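For reference, the structure is listed below as structure tokens.
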Amino acid sequence: MLEVSISKTIGNFKLTSSFCCEKEILGIIGPSGCGKSMTLKCIAGIFTPDDGYIRLYGKELFNSYKKINVIPQQRNIGYVFQNYALFPHLTVYENIAYGISKIEKKIRHNKVMDMIDKMQLNGLEKRYPSQLSGGQQQRVALARSLITEPKLLLLDEPFSALDTNVRNTLRKELLNIVRQRYNGIVILVTHDIEEAYEMSNKILIMNDGRVVQAGDKKEVIRNPASLIAARITGCKNFFDAKLIGKEGEYTIIKSKEIMLYVKKNNFLSYSNIIAGVRAEDITILQENNGKLNTFNCKIIDIIEGLSHTMIIADCMGIPLEVQVSNNDTYLKNKERILLHIPPDRIFLLK
187 MLEVSISKTI GNFKLTSSFC CEKEILGIIG PSGCGKSMTL KCIAGIFTPD
237 DGYIRLYGKE LFNSYKKINV IPQQRNIGYV FQNYALFPHL TVYENIAYGI
287 SKIEKKIRHN KVMDMIDKMQ LNGLEKRYPS QLSGGQQQRV ALARSLITEP
337 KLLLLDEPFS ALDTNVRNTL RKELLNIVRQ RYNGIVILVT HDIEEAYEMS
387 NKILIMNDGR VVQAGDKKEV IRNPASLIAA RITGCKNFFD AKLIGKEGEY
437 TIIKSKEIML YVKKNNFLSY SNIIAGVRAE DITILQENNG KLNTFNCKII
487 DIIEGLSHTM IIADCMGIPL EVQVSNNDTY LKNKERILLH IPPDRIFLLK
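Per our numbering: the sequence shown = residues 187 to 536.
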């Protein structure tokens, strides 16, 4: 287990980070400059926190109260930097071997060649980083980190420098490598919620130097703890509402002129709230079959993307974004659509 509870101030920016992580992949997301990479650098020992502690499987790596600060080389942590940080004057073979230079030569050679084979770098052993593609450089950086058999692997936006096609391919490759060939804790820093959701078991959201929410990825997406957490995870539909009352298992809220049934509610003591629903959770119906939260809405705009189409609709004064398949071409000829907002997909915030 990794346990982190630290604070550090640089200039006007203050980082206050507290979380724990089991043997899993933890995705840390948040806007640029929120403290994601700074957190990793503190864990790795590149930065020294002002106070707090860092423990890895019970071993104190840093403790300001006990005056403990283990040097980076002795923390047993692998770190893949955003720009990979390969040594330009060393070959692929030499870069990978760098972290195990002190072990016996024959054993070192066997370990390096085994890692080269696992990372599909065969034939590139004598090349220098400048002679490699971005994807190949990433594999070398990952191999260099994994060959030391670290207990913790830190990935700092490892795909940000790659084009879309390479990024998607390497994301799958990296996930396969980590799941099948690594038995430690992984922390992935990214600003891409899709990337974090695809690769991680748990998600931690940061904003302005603070952890605003952490937990199982599905729980974080379905039940954001705050408006900022909902926005960072990609939710686009928010509207002011008032609590009206209860009806069986449902809570009834009102926004503008519409009444909505919600299946979860923790704010019975609050009259004014914010309701939210993700664009991908709203469905289009061909006919009104009596489902709760079904509304006849006006289509304002249709925005086509590569992977999906976004419908901008007016739901009785409430603007909604609805994500649909690119195959739903029939919508281009429509002025109005029936939208269904599932009661169990609406979340409520103070």
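Quick reminder that beta carbons are idealized off the backbone N, C-alpha and C, glycines included.
This structure is a prediction, so every number in the text was calculated from the model and none was measured.
TODO: Put Gly401 into one of helix, strand or coil per three-state DSSP.
DONE: strand
TODO: Apply the 10 Å Cβ neighbour rule to Ile379 and answer buried if 16 or more other Cβ atoms are within range, or exposed otherwise.
DONE: buried
TODO: Count the C-beta pairs between the region 387 to 404 and the region 238 to 245 that are closer than 8 Å, then say yes if the count reaches three, no if not.
DONE: no
Task: Buried versus exposed call for Gln366 [16 or more other C-beta atoms within 10 Å across all chains shown] - done: exposed
Open item on the list: Using the three-state DSSP reduction, which class does Ile211 fall into: helix, strand or coil?
Closed with: strand
Task: Paired residues, beta bridge with Thr376 - DSSP - done: Answer is none; Thr376 lacks a bridge partner.
Task: Under the three-state DSSP convention, the category Lys432 falls into - done: strand
Open item on the list: Short of 7 Å in beta carbon distance, which residues of its chain neighbour Leu356, apart from the five on each side in sequence? Order them along the chain.
Closed with: Gly321, Gln324, Phe345, Leu348
Open item on the list: Along the chain, where does the beta strand (DSSP E) containing Ala499 start, and where does it finish?
Closed with: 495 to 501
Task: Three-state secondary structure (DSSP) of Asn255 - done: strand
Open item on the list: I need the DSSP call for Gly320, collapsed to helix, strand or coil.
Closed with: helix
Task: Proximity below 8 Å, CB of Asn369 to CB of Glu210 - done: no
Open item on the list: Can you tell me whether Asp342 is buried or exposed? The criterion is at least 16 other CB atoms within 10 Å of its CB, across all chains shown.
Closed with: buried
Task: Distance CB(Ala499)-CB(Lys484) smaller than 8 Å - done: yes
TODO: Report back the beta-carbon spacing between Gly395 and Leu201 to the nearest angstrom; my notes put them in contact at under 8 Å.
DONE: 5 Å
Open item on the list: Can you confirm whether the region 423 to 430 touches the region 219 to 232 when touching is taken to mean that 3 or more C-beta pairs between the two stretches lie within less than 8 Å?
Closed with: no
Open item on the list: Rounded to the nearest angstrom, what separates Ile468 and Lys432 at their Cα positions?
Closed with: 23 Å
Task: Arg531 beta carbon less than 8 Å from that of Val463 - done: yes
Task: Close-in-space but distant-in-sequence residues of the same chain around Leu328 (CB under 6 Å, 5 per side omitted) - done: Val266
Task: C-alpha distance - Val364 paired with Ile439, whole-angstrom precision - done: 45 Å
- [ ] Throw me the rounded Cβ distance for the Leu226 and Val375 pair, which I believe falls under 8 Å.
- [x] 6 Å
Task: Close Cβ partners of Tyr383 (< 6 Å) along its chain, the five nearest in sequence each way excluded - done: Lys403
- [ ] Just the C-alpha distance for Phe481 and Arg522, rounded to the nearest angstrom, thanks.
- [x] 10 Å
Open item on the list: For Gln509, list the residues DSSP reports as bridge partners.
Closed with: Met496
Task: Span separating the alpha-carbon of Ser218 from that of Met392 - done: 10 Å
Open item on the list: Cutting at 8 Å between CB atoms, please list the residues of its own chain near Phe248, excluding the five before and the five after it.
Closed with: Ile192, Cys228, Gly231, Thr234, Pro235, Gly238, Tyr239, Ile240, Ile254, Asn255, Val256
- [ ] Give a yes or no on whether the C-beta atoms belonging to Gly264 and Leu332 are separated by under 8 Å.
- [x] yes
- [ ] In the DSSP assignment, find the beta strand (DSSP E) that holds Lys484 and state where it starts and stops.
- [x] 480 to 490
TODO: Could you spell out the range, first to last residue, of the alpha helix (DSSP H) harbouring Met445?
DONE: Run containing Met445: none in the alpha helix (DSSP H); it sits in the beta strand (DSSP E), 444 to 448.
Task: Counterpart residues of Asn458 in DSSP-defined beta bridges - done: Lys428
Open item on the list: Let's test the definition: count the other Cβ atoms within 10 Å of the Cβ of Glu381 and tell me whether it reaches 16, buried, or not, exposed.
Closed with: buried
Task: Alpha carbon of Met385 to alpha carbon of Leu361, nearest angstrom - done: 6 Å
Task: Residue burial classification, Leu556 (beta-carbon count within 10 angstroms, cutoff 16) - done: Since the displayed the chain opens at 187 and closes at 536, residue 556 lies outside it and no answer follows.
Open item on the list: Just list the residues that DSSP pairs Thr234 with in beta bridges.
Closed with: Beta-bridge pairing links Thr234 to no other residue.
Open item on the list: Do Glu490 and Asn512 have their beta-carbon atoms positioned less than 8 Å apart in this structure?
Closed with: yes
- [ ] Could you spell out where the beta strand (DSSP E) holding Met392 opens and where it closes?
- [x] 388 to 393
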